[in-house]
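See below for the structure under consideration.
Protein chains in written order, with our numbering: chain A, 39 to 230; chain Z, 27 to 402.
Structure (structure tokens):
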């Protein structure tokens, strides 16, 4: 049971969190792991609360819902407040600081990263923020093989957008490794 | 043997793929959350395999077109959720009476009425059994995983053809929307029963002797299809002898082929003192609770999961009630199948419901806590 990892991607409808969860789950399958992906959302297609869960385990997965996330991604203020208390002690919380102002209490490992702002500034497309987030998540938690995940992004991305989505994924990796002040040195590594 | 590659698949997509594997070439329906992905996937896949997809003007037209296609000789399926399932009931009864095979998928959501479209529930258990009027038989399957959805859809199509009887696949929002890793066998490896193409020389559409095949309309055999009681030829009859014989034959089919229709599975202790009986997505919670209670704590507990809920697996539950002191029945409703479990326990075991009706799944901890209280 100790190998069970529960990942919760939260934010608002339209941010692409369910798609990010599906891509992560597909990569887990290709990486020979057991995986279940679930979601919960309101009746609205955009703007309402959106939550997607991914459970990755080497054992068979019975209960399919995320109850105590080991990793939480919060892409807006409301979901940050709602799901933070559910995170397991020592769990990692990645927050999109574009939308979440804080405060970030010290008893969680909260990592605020300007995910959406960087997607806009570095790649000119806010819609790829979900792939930036996916990069940062996998950089932080090494859930699945990086190349497998990158390949799954290419498979899933709408025609013609594979490259920018993969760039966004790589941007997420750099963002994580550079920590909370990502602007420092980032432009030197970004070709655009 | 070639290796089959595991894929990530959604429950609703597994239903559509199972249907296509089982030879379904006609889908008519009206999209409704949380079943819409079945229609979406069928709309994409059916044209690829020479099938027909029609989005109808409403739910009633959806089932009506499916019945028509089936009489015309196609394997046909429709999918809906609670509100649409209510609308389809009259025509489901018609298909039962006229003995027209078809599969109706109900991906259950929170009700009554429009309820919560995106929240799971198991509130349609009794509606699936008794939603249409009259003293009718019905087959209802309830999958607990994406893979079970795939093979129970195939079973539903095949049994529906064989018994000339509508079969209901009673899913829920959790299983319908969940994606998980599955190994889908190659089509050739699946035993897909073909409806009999052999027409006996003395063929009558509603023969008493056994399972008369449905001969498609337009193939040269002239017969009558009606919701009225009818004789062997299909023409209406009010003769009491014909009426009782017809109804006995309808029910008799499911009794005779009970072993082919009833799917259950048991995990846990060989001589349990306490057992859980459940179905659909709640099986997942129960399995997790059993892992903790039996595999970790060695408590004498077991789980009987029901893939078939109607006809109710009475023999299996009766046998279980002889073994145990208590049967717990977790359900995402205010208590529906628990009544049947009680009925067939015949007072031999205490039957304890565990209900949740807030649009959330029953958790393994809820079940485990109940078990712990019993053993404390």
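Where a beta carbon is used, it is the ideal one built from N, C-alpha and C, also for glycine.
Whose C-beta lies closer than 7 Å to the C-beta of residue 153 of chain Z among residues of the same chain, with five residues either side of it excluded?
111
Between the stretch 121 to 147 of chain A and chain Z, which residues of the former have a C-beta closer than 7 Å to a C-beta of the latter?
none
By the 7 Å beta-carbon criterion, what residues does the stretch 168 to 199 of chain A contribute toward chain Z?
none
Considering only residues of the same chain and omitting the five flanking positions on each side of residue 62 of chain A, which have a CB-CB separation below 6 Å?
92
Would you please verify whether the beta carbon of residue 73 of chain A is less than 8 Å from any beta carbon of chain Z?
Output row for residue 73 of chain A: interface = yes.
In whole angstroms, what is the alpha-carbon distance linking residue 227 of chain A and residue 200 of chain A?
A caution first: residue 227 of chain A carries a pLDDT of 37, below 50, which makes its placement in the model unreliable, though a value can still be read off. Each residue's Cα considered, the two are about 20 Å apart.
What is the residue span of the alpha helix (DSSP H) that residue 121 of chain Z lies within?
108 to 124
Using a Cβ distance threshold of 8 Å, determine whether the stretch 306 to 324 of chain Z contacts the stretch 95 to 115 of chain A, with at least three qualifying pairs required.
yes
With a 10 Å radius around its C-beta and 16 neighbouring C-beta atoms as the bar for buried, classify residue 229 of chain Z as buried or exposed.
exposed
What are the start and end residues of the alpha helix (DSSP H) that includes residue 99 of chain A?
Premise fails: residue 99 of chain A is in no alpha helix (DSSP H) and is neither H nor E.
Per DSSP, residue 198 of chain Z forms a beta bridge with which residues?
Answer is Z/134, bridged to residue 198 of chain Z.
Which residues in the same chain as residue 178 of chain Z place their Cβ atom closer than 7 Å to its Cβ, once the five residues preceding and following it in sequence are excluded?
167, 169, 195 and 333
Determine, for residue 204 of chain A, whether the minimum Cβ-Cβ distance to residues of chain Z falls below 8 Å.
no
Starting from residue 207 of chain Z, follow its DSSP beta bridges and name the residues at the other end.
Z/34
Hey, does residue 360 of chain Z have any beta-carbon neighbour from chain A nearer than 8 Å?
False, the Cβ-Cβ gap to chain A never drops below 8 Å.
Using C-beta distances below 8 Å, list every residue in its chain close to residue 378 of chain Z, excluding the 5 sequence neighbours before and after it, in chain order.
352, 353, 354, 355 and 396
What residue ranges within the stretch 223 to 304 of chain Z form continuous beta strand (DSSP E) runs of no fewer than 3 residues, ordered along the chain?
290 to 294
Taking residue 193 of chain Z as the query, report the chain A residues whose CB atoms sit under 9 Å from its CB, ordered along the chain.
The premise fails here: residue 193 of chain Z is roughly 25 Å from chain A at the closest Cβ pair, so nothing lies under 9 Å.
Going by C-alpha distance, which of Z/243, Z/208, Z/247 and Z/349 is nearest residue 226 of chain Z?
With distances taken between CA atoms, residue 226 of chain Z lies nearest to Z/247 out of Z/243, Z/208, Z/247 and Z/349.
Under three-state DSSP, which class holds residue 150 of chain Z?
coil
Using a Cβ-Cβ cutoff of 8 Å, what residues of the stretch 40 to 63 of chain A are near chain Z? List them in chain order.
60 and 63
Between the stretch 370 to 390 of chain Z and chain A, which residues of the former have a C-beta closer than 9 Å to a C-beta of the latter?
386, 387, 389 and 390
Is the stretch 292 to 309 of chain Z close to the stretch 270 to 283 of chain Z, with three or more CB pairs under 8 Å?
no
Please report the straight-line C-alpha distance between residue 138 of chain Z and residue 386 of chain Z, rounded to a whole angstrom.
Their backbone Cα atoms lie some 16 Å apart in a straight line.
Check whether chain A comes within 8 Å of residue 250 of chain Z, counting only Cβ atoms and requiring the distance to be less than that.
Not closer than 8 Å to any Cβ of chain A, the Cβ of residue 250 of chain Z fails to qualify, so no.
According to DSSP, which residues form a beta bridge with residue 112 of chain A?
The bridge partners DSSP lists for residue 112 of chain A are A/48 and A/133.
Verify the CB distance criterion: does residue 67 of chain A have a CB-CB separation below 8 Å to chain Z?
yes
At a cut of 8 Å, does the stretch 201 to 216 of chain A reach the stretch 153 to 166 of chain A through at least three beta carbon pairs?
yes
Tell me which same chain residues have a C-beta within less than 7 Å of the C-beta of residue 261 of chain Z, skipping the five on either side of it?
Within the same chain, residue 261 of chain Z has close Cβ partners 250.
Between residue 67 of chain A and residue 33 of chain Z, is the Cβ-Cβ spacing less than 8 Å?
Taking 8 Å as the Cβ cut-off, residue 67 of chain A and residue 33 of chain Z qualify as a contacting pair.
Which residues, in order along the stretch 120 to 150 of chain Z, keep a beta-carbon less than 9 Å from a beta-carbon of chain A?
Cβ contacts with chain A come from 142, 143, 144 and 145.
Closest to residue 233 of chain Z by C-alpha separation, out of Z/125, Z/265 and Z/109, would be which residue?
Z/125
Would you decide whether residue 306 of chain Z is buried or exposed? Buried here means 16 or more other CB atoms lie within 10 Å of its CB.
Buried.
Whose Cβ in chain A lies nearer than 8 Å to the Cβ of residue 178 of chain Z?
Near residue 178 of chain Z there are no residues of chain A at all, since even the closest Cβ is about 18 Å away, more than 8 Å.
Where do the ends of the beta strand (DSSP E) carrying residue 352 of chain Z lie?
352 to 357
Would you identify the three-state DSSP class for residue 91 of chain A, choosing helix, strand or coil?
strand
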